[in-house]
Amino acid sequence: MFSQNYLAEKTGLSLPIWLFLLSLAIAVTMTARLVTDDPCRHLKSSPQNQVISMNRAQQVYFLETQTFTKSLTELDIGIKPLKDEYRYALRPIEGAIFHYGIALNINQPSYLGIVWTVPHATPGESDALPLTRSIVCQAKETNIMAVLPQKHEGNFQCPPGTTPVETVFP
Numbered sequence: 049m050f051s052q053n054y055l056a057e058k059t060g061l062s063l064p065i066w067l068f069l070l071s072l073a074i075a076v077t078m079t080a081r082l083v084t085d086d087p088c089r090h091l092k093s094s095p096q097n098q099v100i101s102m103n104r105a106q107q108v109y110f111l112e113t114q115t116f117t118k119s120l121t122e123l124d125i126g127i128k129p130l131k132d133e134y135r136y137a138l139r140p141i142e143g144a145i146f147h148y149g150i151a152l153n154i155n156q157p158s159y160l161g162i163v164w165t166v167p168h169a170t171p172g173e174s175d176a177l178p179l180t181r182s183i184v185c186q187a188k189e190t191n192i193m194a195v196l197p198q199k200h201e202g203n204f205q206c207p208p209g210t211t212p213v214e215t216v217f218p
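Residues 49 to 218 in my numbering are what the sequence shown lists, from first letter to last.
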């Protein structure tokens, strides 16, 4: 087993960062296996799960590139801009990205996913990469892109008229 000093010297990343990257890679791999190997995958590809997948893929992309992508294709999770009566879109802002699953049918809910950066809070690691956090909100209205979520104490919250369905704060 490698020591913490060895990892830090060879890669510039601390052991907690390595463990986080490893667990995120395992989660993405397991999600990909579920999507491709599961005979019931059509039941799991709900718009809510699509937006959750967009959030998770964006977090991995950020860890690899230290930036957010504005492209569904670059997320490499197979989501098309128009799929199953939903339109999927991304909207970057400074330090965050919004993912949308917008229902084309007014009787279906729409979804908003947000991934944003927060400073790394470990003492002595001021040069460490920022962490990412995420949240997914469900809206009854289809005009979800008209509402701009706001940060409160460093964290985004679901905007008025929406409810949280998944929150990931490491």
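Note that CB positions come from ideal geometry on N, CA and C, so glycine has one too. Just so you know, these numbers come straight off a predicted model, no measurement behind them.
Around the beta carbon of residue 75, fewer than 16 other beta carbons lie within 10 angstroms, which makes this residue exposed. In the structure shown, residue 203 falls within a strand segment according to DSSP collapsed to helix, strand and coil.
Apart from sequence neighbours up to five positions away, the residues of its chain that approach residue 100 with a beta-carbon distance below 6 Å are 184 and 214, ordered along the chain.
Taking a C-beta distance under 8 Å as the contact criterion, residue 187 and residue 209 qualify as a contact pair.
Put simply, the segment 147-154 does not touch the segment 108-117. Fewer than three CB pairs are less than 8 Å apart.
Per DSSP, the unbroken alpha helix (DSSP H) holding residue 98 starts and ends at 95-113. One alpha carbon belongs to residue 216, the other to residue 201, and they sit about 16 Å apart. Annotated as distal: residue 168 and residue 152, with beta-carbon spacing of 8 Å or more. Secondary structure at residue 195: coil, using DSSP grouped into helix, strand and coil.
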